[in-house]
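A.B. asks: Here the sequence shown stands for residues 314 to 648, where the numbers follow this note's numbering.
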Amino acid sequence: MKVLVTGSAGFIGSALSIKLLERGDTVFGIDNHNDYYSPSLKEDRLKRHIDNPNYSHFRADIANRDSLLEIFNQCKPERVVNLAAQAGVRYSIENPASYIDSNLVGFGNILECSKQHEIEHLVYASSSSVYGANKNMPYSIHHNVDHPVSLYAATKKANELMAHTYSHLFELPTTGLRFFTVYGPWDRPDMALQKFTKAILADETINVFNYGNHKRDFTYIDDITEGIIRVLDNPASGNPNWDGINADPGSSRAPWRLYNIGSNKPYKLLDYINTLEKNLGKTAKKELLPIQPGDVEHTYADIDDLIKDFEYKPSTELSKGIENFVDWYNGYYES
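1. For V609, which residues does DSSP report across the bridge?
2. Exposed or buried, which one is A376 when buried takes at least 16 other CB atoms within 10 Å?
3. Under the rule that 16 or more other beta-carbon atoms within 10 Å means buried, what is K469, buried or exposed?
4. Taking C-alpha atoms, which residue in T494, L317 and K633 lies nearest to G401?
5. Under 8 Å: do the region 405-413 and the region 462-479 share three or more Cβ pairs, one atom per stretch?
6. Hey, Y368 and V393 are a contact pair by Cβ (cut 8 Å); roughly how many whole angstroms apart?
7. Can you name the residues that DSSP bridges to G489?
8. What residue does the beta strand (DSSP E) around V318 start on, and which one ends it?
9. Start and end of the beta strand (DSSP E) containing F341?
10. Does the structure place the region 519-531 close enough to the region 469-482 that three or more beta carbon pairs sit under 8 Å?
11. Rounded to whole angstroms, how far is the Cβ of A549 from the Cβ of R570, which I believe are closer than 8 Å?
12. Please list the segments of the beta strand (DSSP E) lying wholly inside the region 499-585, counting only runs of 3 or more residues, in order along the chain.
13. When you compare each of A614, H527 and R566 to L671 by their alpha carbons, which one comes out closest?
14. I need the straight-line Cα distance from P553 to R529, nearest angstrom please.
15. Taking only the alpha-carbon atoms, compute the straight-line gap between K578 and H455 and give it to the nearest angstrom.
16. Just the Cα atoms here: how many angstroms apart are D536 and H481?
17. Mapping the DSSP letters down to three states, classify S369 as helix, strand or coil.
18. Alpha carbon to alpha carbon, how far is P366 from I534? Give it in angstroms, no decimals.
19. For the beta strand (DSSP E) that R392 lies in, which residues bound it at each end?
20. Should D344 go down as buried or exposed, given a rule of 16 or more other Cβ atoms within 10 Å for buried?
21. Can the beta-carbon of S442 be found closer than 8 Å to that of V609?
22. Is it buried or exposed, P498, if we count other Cβ atoms within 10 angstroms and call 16 or more buried?
23. Would F492 pass as a contact of A438 if the rule is Cβ separation under 8 Å?
24. Quick check on G337: buried or exposed, where buried means 16 or more other Cβ atoms within 10 Å of its Cβ?
25. DSSP on Y496, reduced to helix/strand/coil?
26. So, for I384: in the same chain, excluding its five sequence neighbours on each side, which residues have a beta-carbon less than 6 Å away from its beta-carbon?
27. With which residues is A398 paired in a DSSP beta bridge?
28. Quick one, which of L359, L582, I635 and Y349 has its alpha-carbon nearest G604's?
29. Roughly how many whole angstroms lie between the Cα atoms of S440 and L490?
30. Near A397, what residues of its chain come up, given a Cβ to Cβ distance below 6 Å and the 5 sequence neighbours on each side ignored?
31. Take H611 as the anchor and find which of A446, D617, A467 and I558 has the nearest alpha-carbon.
32. What does DSSP give as the partner residue(s) for L601 in the beta ladder?
33. For the alpha helix (DSSP H) that A410 lies in, which residues bound it at each end?
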């Protein structure tokens, strides 16, 4: 297939591009290479696949409608995976405008270009953050998610609603994937795993919020990319049994679907840190702090629909995933 991947120099986008290229797809990557974190890391991720003859890279911002449309016109992709977004829950409190530009304006442009080019399937990144104030565990796509607790979460929920309107009005097949705490080699420096590792190795104190009582459904990067590809290969279809009176939030009569991609196995934050300590051979200096604004206390993915529709369940154990991360981290930052 000809697949357009946005955010292709990012953590997930780069890993996905490599997997698509390995199976013989033609991949067109878009990334704006912003400085939210070190652009050099993005460049190094990109080096892994930019020389592949089936890969083309565009340094562009999806919030620029004209540039995006020009790329669609030039490449004529068959399917699209939108991973470009301003990430980070806490940063959305400090800099809300960047979330409006990338996550709302940019996604609106993706939808419009996909409609105009009659894309076979648009798959896009949502987030476990959309569950917000919901306390019903495990989180199910069939739960109501109308109470986000951060602007980041609100933009991701908005993406799901925007996609539904295009699926309903224009029969554009769209699938939103709610990712649960993705981790692994080549992840972002602002994410907990890199921040903790850097601090522990430097004998610096790490901030442990919610006194370490957070529980997170950590999901390894390879499990995420495998899930994306399985979903991408099966364009969304409408649910003929959908009832507008007893409306299911996770499906529709339109070709619009949602899925959680998580390990279905939440770990306490202190256990996560303990596993990292074992792999580093060092004990962390910890400062236990209260929960931060915008954070949800626990995440736990119900993946029954993912298993039923795609016969797929993420399987990488946390201990193995962290071991792989530490091996990469030591090699990358010592080289």
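No residue lacks a Cβ here, since even glycine has one placed at the ideal position from N, Cα and C. Small disclaimer: the values here were computed from a predicted structure and weren't measured.
C.D. replies: With the structure as the only source:
1. Here residue 609 refers to the residue found at position 296 when the sequence shown is read from its first residue. As far as DSSP is concerned, V609 takes part in no beta bridge.
2. Translated into positions along the sequence shown, residue 376 becomes position 63. It is buried - the Cβ of A376 has at least 16 other Cβ atoms within 10 Å.
3. Start at 1 with the first residue of the sequence shown, and residue 469 comes out as number 156. Its Cβ being crowded by 16 or more others within 10 Å, K469 is buried.
4. In the sequence shown, counting from the first residue as 1, residue 401 sits at position 88. The option with the nearest alpha carbon to G401 is T494.
5. yes
6. As a working mapping, residue 368 is identified with position 55 in the sequence shown. As a working mapping, residue 393 is identified with position 80 in the sequence shown. 16 Å between Cβ atoms; not a contact.
7. As a first step, residue 489 must be located in the sequence shown, where it is residue number 176. DSSP, once it has assigned bridges, lists Y437 and L571 as partnering G489.
8. Position 5 of the sequence shown, counted from the first residue, corresponds to residue 318. Unbroken beta strand (DSSP E) run through V318: K315 to T319.
9. Working through the sequence shown from its first residue, we reach residue 341 at position 28. Counting along the chain, the beta strand (DSSP E) containing F341 begins and ends at T339 to D344.
10. Touching, no, given that fewer than three Cβ pairs across the two stretches are closer than 8 Å.
11. Within the sequence shown, numbered from 1, the residue matching residue 549 stands at position 236. Within the sequence shown, numbered from 1, the residue matching residue 570 stands at position 257. With a Cβ gap of about 4 Å, A549 and R570 count as contacting.
12. With a minimum length of 3 residues, the continuous beta strand (DSSP E) runs that stay inside the region 499-585 are 518-522 and 569-574.
13. This structure does not reach residue 671, given that the chain is present from 314 up to 648, and the question cannot be answered.
14. The sequence position of residue 553 within the sequence shown is 240, counting from 1. The sequence position of residue 529 within the sequence shown is 216, counting from 1. Looking at the two C-alpha atoms, the distance is approximately 34 Å.
15. Your numbering for residue 578 matches position 265 in the sequence shown. Your numbering for residue 455 matches position 142 in the sequence shown. Approximately 19 Å, taken between the alpha carbons.
16. Here the question's residue 536 lines up with position 223 in the sequence shown. Here the question's residue 481 lines up with position 168 in the sequence shown. Rounded to the nearest angstrom, the two C-alpha atoms are 30 Å apart.
17. Translated into the one-based positions of the sequence shown, residue 369 becomes position 56. Strand.
18. Here residue 534 corresponds to residue number 221 of the sequence shown, with the count starting at 1. Here residue 366 corresponds to residue number 53 of the sequence shown, with the count starting at 1. Straight-line spacing of the CA atoms in I534 and P366 works out to 24 Å.
19. Mapped onto the sequence shown, residue 392 falls at position 79. R392 -> beta strand (DSSP E) spans R392 to N395.
20. The residue labelled residue 344 in the question sits at position 31 within the sequence shown. Its Cβ being crowded by 16 or more others within 10 Å, D344 is buried.
21. Reading the sequence shown from its first residue, position 129 is the one you call residue 442. Reading the sequence shown from its first residue, position 296 is the one you call residue 609. Yes, the pair counts as a contact, with Cβ atoms nearer than the cut-off.
22. Position 185 of the sequence shown, counted from the start, is the residue given in the question as residue 498. It counts as buried.
23. What you label residue 492 is simply residue 179 of the sequence shown in a count that begins at 1. What you label residue 438 is simply residue 125 of the sequence shown in a count that begins at 1. Cβ distance < 8 Å, so F492 and A438 count as in contact.
24. Position 24 of the sequence shown, counting from 1, holds the residue named residue 337. Label assigned to G337: exposed.
25. Counting from one through the sequence shown, the residue named residue 496 turns up at place 183. Three-state result, Y496: strand.
26. Counting from one through the sequence shown, the residue named residue 384 turns up at place 71. Excluding five sequence positions before and after I384, the CB atoms of its chain that fall closer than 6 Å to its own CB belong to F371, given in chain order.
27. Here residue 398 refers to the residue found at position 85 of the sequence shown. According to DSSP, A398 bridges with nothing at all.
28. Position 291 of the sequence shown, counting from 1, holds the residue named residue 604. A small fix is needed here, since residue 604 is Ile in this sequence, not Gly. Between I604 and the set L359, L582, I635 and Y349, the nearest pair of CA atoms involves L582.
29. The residue you call residue 440 lines up with position 127 of the sequence shown. The residue you call residue 490 lines up with position 177 of the sequence shown. Approximately 7 Å, taken between the alpha carbons.
30. Position 84 of the sequence shown holds residue 397. The beta carbon of A397 sits closer than 6 Å to the beta carbons of T319, G320 and I375 from its chain, once the five residues preceding and following it are set aside; these are given in chain order.
31. For the purposes of this step, residue 611 is taken as residue 298 along the sequence shown, with counting starting at 1. The candidate whose alpha carbon is nearest that of H611 is A446.
32. What you label residue 601 is simply residue 288 of the sequence shown in a count that begins at 1. Answer by DSSP bridge pairing, in chain order: V521.
33. Walking along the sequence shown from the start, residue 410 turns up at place 97. Per DSSP, A410 belongs to the alpha helix (DSSP H) from P409 to Y412.
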